[in-house]
Amino acid sequence: MTTTVARRRFLQGSLAIAVVGFDRGRESWASGPGSANVVAIPQLDGQLLMNPAVLAAAADDYGHIVHRTPLAVLVPGSMKDIVKLVTFARLHGIQVAAARGVGESHSTAGQAQVAAGVVIDMSALATIHEINGNDALVDAGVRWIDLLEATLPRGKSPPTLTDYIELSVGGTLSVGGVGGQAFRHGLQVDNILELQVVTGSGALVTCSPWQNPLLWNAVRAGLGQFGIIVRARVRLVPVKPRVRVYSATYTDLAALTADQELLIEDGRFDYVEGSASADGSGGWIYALEAASYFNPGSPPNNTAKLAGLRFDPGTSATVDQSYFDFANRLAPTIAFLEQIGVWQLPHPWLNLFLPGPEAPAFMQAVLDATTLDDTGQGPIVFYPFKRALLGAPFARVPDTPHVFIFSLLRTAIPATPEHVTDLIAQNRQIYEEARAIGGKRYPIDSVPMSPADWEAQIHPLFPQFSLAKLLFDPLHVLTPGQKIFT
Ligand SMILES: Cc1cc2nc3c(=O)[nH]c(=O)nc-3n(C[C@H](O)[C@H](O)[C@H](O)COP(=O)(O)OP(=O)(O)OC[C@H]3O[C@@H](n4cnc5c(N)ncnc54)[C@H](O)[C@@H]3O)c2cc1C
Numbered sequence: 001m002t003t004t005v006a007r008r009r010f011l012q013g014s015l016a017i018a019v020v021g022f023d024r025g026r027e028s029w030a031s032g033p034g035s036a037n038v039v040a041i042p043q044l045d046g047q048l049l050m051n052p053a054v055l056a057a058a059a060d061d062y063g064h065i066v067h068r069t070p071l072a073v074l075v076p077g078s079m080k081d082i083v084k085l086v087t088f089a090r091l092h093g094i095q096v097a098a099a100r101g102v103g104e105s106h107s108t109a110g111q112a113q114v115a116a117g118v119v120i121d122m123s124a125l126a127t128i129h130e131i132n133g134n135d136a137l138v139d140a141g142v143r144w145i146d147l148l149e150a151t152l153p154r155g156k157s158p159p160t161l162t163d164y165i166e167l168s169v170g171g172t173l174s175v176g177g178v179g180g181q182a183f184r185h186g187l188q189v190d191n192i193l194e195l196q197v198v199t200g201s202g203a204l205v206t207c208s209p210w211q212n213p214l215l216w217n218a219v220r221a222g223l224g225q226f227g228i229i230v231r232a233r234v235r236l237v238p239v240k241p242r243v244r245v246y247s248a249t250y251t252d253l254a255a256l257t258a259d260q261e262l263l264i265e266d267g268r269f270d271y272v273e274g275s276a277s278a279d280g281s282g283g284w285i286y287a288l289e290a291a292s293y294f295n296p297g298s299p300p301n302n303t304a305k306l307a308g309l310r311f312d313p314g315t316s317a318t319v320d321q322s323y324f325d326f327a328n329r330l331a332p333t334i335a336f337l338e339q340i341g342v343w344q345l346p347h348p349w350l351n352l353f354l355p356g357p358e359a360p361a362f363m364q365a366v367l368d369a370t371t372l373d374d375t376g377q378g379p380i381v382f383y384p385f386k387r388a389l390l391g392a393p394f395a396r397v398p399d400t401p402h403v404f405i406f407s408l409l410r411t412a413i414p415a416t417p418e419h420v421t422d423l424i425a426q427n428r429q430i431y432e433e434a435r436a437i438g439g440k441r442y443p444i445d446s447v448p449m450s451p452a453d454w455e456a457q458i459h460p461l462f463p464q465f466s467l468a469k470l471l472f473d474p475l476h477v478l479t480p481g482q483k484i485f486t
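Count the sequence shown with UniProt numbering and you get residues 1 to 486, in order.
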């Protein structure tokens, strides 16, 4: 059973306790008329739920480390419900966070949670409204996989896809959205034409480069601080139906990163990533993963594709698959991880953006000090993209022409609190070392941050970030889980 189906059954199976009002005296929601202190909540198209099981699910995410229990969960029936809820929350000093779905947030440290506030289950608004020649208009709760399934019959795809496509459009646009096509197209936030946003002031605003540009610049990769994205116009590009995936291994990490940088400059592939895995004798072996799209009957020329690359002789291989199967390539692995219970374990991830020139030596030093016990056999992924293609100011990355994403996608095995604490401490130390060479966090991961750390993370744009908060969420209603303004 997929998590989505399981969740639907869970929500249907749980007896809905709907909120009817907010008790100002007790600062809690009320399911009945109660005292004179109870203020009626606005009429909603959806429901505000306070069942213990729903609240417990909203106090969890893919990290399974941080648990903050909300007062209620809004299952919106319309965009207007979000406007009404944020307006009401603002009036009564209640904080609000959007999440991909109850119990389905893919954050790893409570980013989509809110203690004693309201979680908005964005998966309830998941309609694809339009698919046009070059764009699609979708609700923020649509998952990339759903959009892709709708656009591929027309030969179109969003330009950059995350490795795992069951993430929500609103969720990845709030953080950036990185994938193996980013070297050619930029991040997902660079491939959006227009957004509809409910600001922290409760206003429903359309923004684009030409309309409300301040909000447009703030909300893309804005970590949910300025508005809740309710609808997005996503750019689409033509894609070929087949994909040839090339892999090759390297004993020398620097040779692989040099080849990756060569490949993103000469553009011979449509997708470039890389990874490290155990070499069986306590060290790491490195792998290039690259892909070329093609039409049936016109496959790429393997000799030309691999020319000049410095992988270990005899280690290259190719696999042909459909574009959809390639985009959804993690699905079988994830189904297996769910089945054996690993998906449900704590995931203290570390995700960094490193400056191109320093990245190879930095990653080598980190990997030299990392064991399989430190990763729980979780994937280690790294690949470069071009800084010049990035346009969302708050997607913070180093200011070098090439930037590497470096991800230690840890699973805590054993799943003891001590081991989780140890891995988070490792994350913190590596983050500090990365920061010293100009690195930034990709803030979907598990690194404890103080307000001063956030200033360093957003530097030199922290004044603009704070000003945007003042303009669009002056009462700090939205997304406290990142702990930027506490
Ligand atoms: C298995 C796995 C693979 C992943 N692969 C990739 C990858 O290849 N590339 C990549 O870039 N990321 C990847 N991620 C990370 C992912 O992008 C983040 O977890 C991201 O937060 C999206 O997840 P989500 O849709 O579940 O959003 P959530 O975790 O629910 O939300 C993320 C943040 O955005 C806020 N938010 C959510 N929806 C909205 C909205 N509509 N408006 C405003 N704020 C909102 C939340 O409050 C929270 O702060 C992966 C995560 C997992 C678990």
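Ideal Cβ placement from N, Cα and C applies to all residues, glycine included.
Cβ of residue i within 8 Å of any heavy atom in ligand 1?
{"i": "Ser105", "result": "yes"}
{"i": "Ser28", "result": "no"}
{"i": "Tyr442", "result": "yes"}
{"i": "Arg100", "result": "yes"}
{"i": "His64", "result": "no"}
{"i": "Asp163", "result": "yes"}
{"i": "Asn200", "result": "Rather than Asn, the amino acid found at residue 200 in this sequence is Gly. False, no ligand heavy atom lies under 8 Å from that Cβ."}
{"i": "Val320", "result": "Per the sequence shown, residue 320 should be read as Asp rather than Val. Every heavy atom of ligand 1 is 8 Å or more from the Cβ of Asp320, so no."}
{"i": "Gln111", "result": "yes"}
{"i": "Leu173", "result": "yes"}
{"i": "Thr479", "result": "yes"}
{"i": "Ala97", "result": "yes"}
{"i": "Met79", "result": "no"}
{"i": "Met122", "result": "yes"}
{"i": "Gly186", "result": "no"}
{"i": "Gly177", "result": "yes"}
{"i": "Ile229", "result": "yes"}
{"i": "Gln482", "result": "yes"}
{"i": "Ser168", "result": "yes"}
{"i": "His67", "result": "no"}
{"i": "Ile334", "result": "yes"}
{"i": "Asp60", "result": "no"}
{"i": "Thr108", "result": "yes"}
Counting only the same chain and skipping the five closest in sequence on each side, list residues whose C-beta sits under 8 Å from that of residue i.
{"i": "Ala255", "result": "Arg310, Phe311"}
{"i": "Gly63", "result": "Ser107, Thr108, Ala109, Gly110, Pro346, His347, Pro348, Trp349, Ser446"}
{"i": "Trp216", "result": "Leu195, Cys207, Ser208, Pro209"}
{"i": "Ala6", "result": "Confidence is the limiting factor: at Ala6 the pLDDT is only 44, short of 50, which leaves the residue's position unreliable and the question unanswerable from this model."}
{"i": "Glu261", "result": "Gly356, Pro384, His402"}
{"i": "Leu461", "result": "Pro393, Phe394, Arg396"}
Going by the DSSP bridge assignment, what does residue i pair with across the sheet?
{"i": "Pro384", "result": "Phe404"}
{"i": "Ser28", "result": "Asp23"}
{"i": "Asn134", "result": "Bridge partners of Asn134: none, in fact."}
{"i": "Thr377", "result": "The sequence shown places Gln at residue 377, not Thr. Per DSSP, none; premise fails for Gln377."}
{"i": "Lys440", "result": "Phe353"}
{"i": "Lys156", "result": "Pro238"}
{"i": "Ala99", "result": "Asp121"}
Skipping 5 residues on each side, what residues in its chain have a beta carbon closer than 6 Å to that of residue i?
{"i": "Met79", "result": "Val230"}
{"i": "residue 493", "result": "Absent from the structure is residue 493, since the part of the chain shown begins at 1 and ends at 486."}
{"i": "Met50", "result": "Ile17, Val19, Trp29, Ala72"}
{"i": "Leu74", "result": "Leu48, Leu85, Val118, Ile120"}
{"i": "Tyr323", "result": "Val239, Pro241, Val243"}
Need the endpoints of the alpha helix (DSSP H) that residue i sits in, please.
{"i": "Pro463", "result": "462-472"}
{"i": "Gln196", "result": "Not the alpha helix (DSSP H): Gln196 falls in the beta strand (DSSP E), residues 192-199."}
{"i": "Phe424", "result": "Per the sequence shown, residue 424 should be read as Ile rather than Phe. 417-436 is the span of the alpha helix (DSSP H), which, as asked, contains Ile424."}
{"i": "Ala72", "result": "No alpha helix (DSSP H) contains Ala72, which is instead part of the beta strand (DSSP E) from 72-75."}
{"i": "Leu253", "result": "253-266"}
Can you tell me where the beta strand (DSSP E) holding residue i begins and where it ends?
{"i": "Gly274", "result": "271-278"}
{"i": "Ile120", "result": "118-121"}
{"i": "Ser168", "result": "No beta strand (DSSP E) contains Ser168, which DSSP labels as neither H nor E."}
{"i": "Glu130", "result": "128-131"}
{"i": "Ile65", "result": "First-last for Ile65: undefined, no H or E at that position."}
{"i": "Gln321", "result": "317-322"}
{"i": "Ile285", "result": "284-294"}
{"i": "Gln47", "result": "47-49"}
For residue i, which residues in the same chain have their Cβ closer than 7 Å to its Cβ, ignoring the five residues on either side in sequence?
{"i": "Phe183", "result": "Ile264, Val272, Pro384, Phe385, Lys386"}
{"i": "Pro52", "result": "none"}
{"i": "Arg268", "result": "Lys305"}
{"i": "Arg428", "result": "Val447, Pro448"}
With a threshold of 9 Å between beta carbons, is residue i in contact with chain D?
{"i": "Gln457", "result": "Annotation note: the requested chain D is absent from the structure, which comprises a single protein chain."}
Taking 8 Å as the cut-off, is the beta-carbon of residue i closer than that to any non-hydrogen atom of ligand 2?
{"i": "Thr375", "result": "Here the bound small molecules are ligand 1; ligand 2 is not part of this structure."}
Problem - At least 3 beta-carbon pairs within less than 8 Å: the region 473-484 vs the region 79-95 - result: Touching, yes.
Exercise for the section: Please determine if the region 393-402 and the region 360-375 are in contact, where contact requires at least 3 C-beta pairs separated by less than 8 Å. Expected result: Taking 8 Å as the limit for Cβ pairs, the verdict is that the region 360-375 does not touch the region 393-402.
Exercise for the section: May I ask you to verify whether the region 242-255 touches the region 158-169, counting CB pairs closer than 8 Å and requiring at least 3? Expected result: no
Practice task
Determine contact between the region 95-103 and the region 41-60, defined as no fewer than three beta-carbon pairs at a distance below 8 Å.
Solution key: yes
Practice task
Evaluate contact between the region 402-422 and the region 372-384, counting only Cβ atoms and requiring at least three cross-stretch pairs below 8 Å.
Solution key: Yes: at least three Cβ pairs fall under 8 Å.
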